[in-house]
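**Q** Residue numbers (the numbering used here): 220 to 498. Starting off with a structure, shown below.
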């Protein structure tokens, strides 16, 4: 009511201030990203020029240098394998588990769902030694499977809770109607329930992919020369004597690119999934 009684000029001023605040927040967030992209396109001399140059002739020499470094290309491929594997196995666990927690009544259901979320709060630095010892005993150090399994400890708990919220938004009458028509519980889940939560599944998949793609601590400890991921490989350009900022920032852009592409391609699913979770 108070907003409706405001003078027109005051409403315009308020809207302008809010818009300015949004733009400022976007610029603060985007500044490091823009700086990395611009630096990756500068020559070595321009990178260290003070004050920094804004207008310059772009070059892709640092991208070529980064791709010619064997560790970087292998690291990007390893990151794709690990992130896709983590996403796939996370969904295979989180989707059925989320459905069970939201629909099936069984003893200690609420406590188990709480412990699933509690597992997300465990600090990775406190789990790194146990994970190392377990993988060493199982001979899974420096393997894709070992790193995927460890990454799943980061993605599965929260993914289960995400899927619980999406399944709870669906009216049980959908499943009841299907079962009345003689559809088996499995087919009801597969053909009736799952198509209605694809938005939520998409959001969960993107969360798992980004979490695994960006993970550094476990990767730097549990991988070796053949399985190290891109966030680990990129630090090969940093040294005490001389840091190669050109290839370093070029690799950073290449690491950011898949995540941005996934978000752009799946933006409809993201919006749909966020809307489902908010209802």
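Glycine residues also receive a C-beta, built at the ideal position from the N, C-alpha and C atoms.
(1) In whole angstroms, what separates the C-alpha of residue 453 from that of residue 377?
(2) Between residue 412 and residue 389, which are expected to be in contact by the criterion C-beta below 8 angstroms, what is the C-beta distance as a whole number of angstroms?
(3) For residue 284, report the span of its alpha helix (DSSP H) as first-last.
(4) Following a CB-centred definition, is residue 404 positioned closer than 8 angstroms to any heavy atom of the ligand MG?
(5) Going by the beta-carbon positions, is the gap between residue 468 and residue 278 smaller than 9 angstroms?
(6) Excluding the 5 residues preceding and the 5 following residue 449 in the sequence, name in chain order all residues of the same chain whose CB lies nearer than 6 angstroms to its CB.
(7) Rounded C-beta distance between residue 374 and residue 321? I'm assuming under 8 angstroms.
(8) Taking the alpha carbon of residue 359 as the point to measure from, which residue in 485, 262, 249, 438 has its own alpha carbon closest?
(9) What's the gap between the Cα of residue 424 and the Cα of residue 310?
(10) Straight-line CA distance for residue 249 to residue 273?
(11) Out of 456, 302, 313, 380, point me to the one whose CA is closest to residue 446's CA.
(12) Using beta-carbon positions only, say whether residue 308 and residue 367 come within less than 9 angstroms of one another.
(13) Expressed to the nearest angstrom, what Euclidean distance is found between the alpha-carbon atoms of residue 369 and residue 345?
(14) State the CB to CB distance for the pair residue 381 and residue 419, rounded to an integer number of angstroms; the pair is presumed to be in contact (CB under 8 angstroms).
(15) Just to confirm the assignment, what range does the alpha helix (DSSP H) spanning residue 367 have?
(16) For the alpha helix (DSSP H) containing residue 472, name the first residue and the last one.
(17) Can you tell me the Cβ-Cβ gap for residue 427 and residue 306, rounded? I've got them flagged as a contact below 8 angstroms.
(18) Within a Cβ cutoff of 6 angstroms, which residues of the same chain sit near residue 455, ignoring the five residues on either side of it in sequence?
(19) Compare the Cα-Cα distances from residue 387 to each of 319, 451, 240 and report the closest residue.
(20) Rounding to the nearest angstrom, what Cα-Cα distance links residue 451 and residue 406 in this structure?
(21) So, for residue 300: in the same chain, excluding its five sequence neighbours on each side, which residues have a beta-carbon less than 7 angstroms away from its beta-carbon?
(22) Just the C-alpha distance for residue 472 and residue 434, rounded to the nearest angstrom, thanks.
(23) Which of the three DSSP states is assigned to residue 421 in this structure?
(24) Kindly give me the distance between the Cβ atoms of residue 379 and residue 313, rounded to whole angstroms, as I take these residues to be in contact under 8 angstroms.
(25) Spatial neighbours of residue 347 within its chain, please: C-beta separation below 7 angstroms, excluding the five flanking residues on both sides.
(26) Check residue 273 in the structure and name its three-state DSSP category.
(27) By Cβ distance, which residues of its chain are closer than 7 angstroms to residue 371, with the 5 residues on each side in sequence left out?
**A** To lay it out plainly:
(1) If you draw a straight line from the Cα of residue 453 to the Cα of residue 377, it is about 28 angstroms long.
(2) A Cβ-Cβ separation of about 6 angstroms places residue 412 in contact with residue 389 under the 8 angstroms criterion.
(3) First-last of the alpha helix (DSSP H) with residue 284: 280–287.
(4) For the structure depicted, the ligand MG is absent and the ligand set is empty, with no information on it obtainable.
(5) Residue 468 is not a Cβ neighbour of residue 278, given a cutoff of 9 angstroms.
(6) Cβ neighbours of residue 449 within its own chain (closer than 6 angstroms, five residues either side excluded): 294, 295, 298, 474.
(7) No, residue 374 and residue 321 are not in contact; Cβ-Cβ is about 19 angstroms, not under 8 angstroms.
(8) In terms of CA proximity to residue 359, 438 leads the group 485, 262, 249, 438.
(9) Those two C-alpha atoms are separated by around 7 angstroms.
(10) Approximately 16 angstroms between the Cα atoms of the pair.
(11) For the residues 456, 302, 313, 380, the minimum Cα distance to residue 446 belongs to 302.
(12) Cβ distance < 9 angstroms, so residue 308 and residue 367 count as in contact.
(13) Their backbone Cα atoms lie some 13 angstroms apart in a straight line.
(14) Rounded to the nearest angstrom, the Cβ distance from residue 381 to residue 419 is 7 angstroms, consistent with a contact under 8 angstroms.
(15) Taken as a continuous stretch (DSSP letters only), the alpha helix (DSSP H) holding residue 367 covers 363–387.
(16) Membership of residue 472 in the alpha helix (DSSP H) is indicated by the continuous run 464–484.
(17) Their Cβ separation, rounded to whole angstroms, is 4 angstroms, which keeps residue 427 and residue 306 in contact under 8 angstroms.
(18) Spatial neighbours of residue 455 in its own chain (CB-CB distance under 6 angstroms, excluding positions within 5 residues in sequence) are listed in chain order as 290.
(19) Nearest C-alpha to residue 387: 319.
(20) Cα to Cα, the separation comes out at about 43 angstroms.
(21) Only 363 meet the Cβ criterion.
(22) Roughly 16 angstroms between the two C-alpha positions.
(23) Residue state, collapsed to three classes: helix.
(24) At roughly 5 angstroms, the Cβ-Cβ gap stays under 8 angstroms, so residue 379 and residue 313 are in contact.
(25) Here residue 347 has 436, 437, 440 as same chain residues with Cβ atoms under 7 angstroms from its own Cβ, once five neighbours each way along the sequence are excluded.
(26) The three-state secondary structure of residue 273, taken from DSSP, is coil.
(27) Hits under 7 angstroms: 305, 308, 309.
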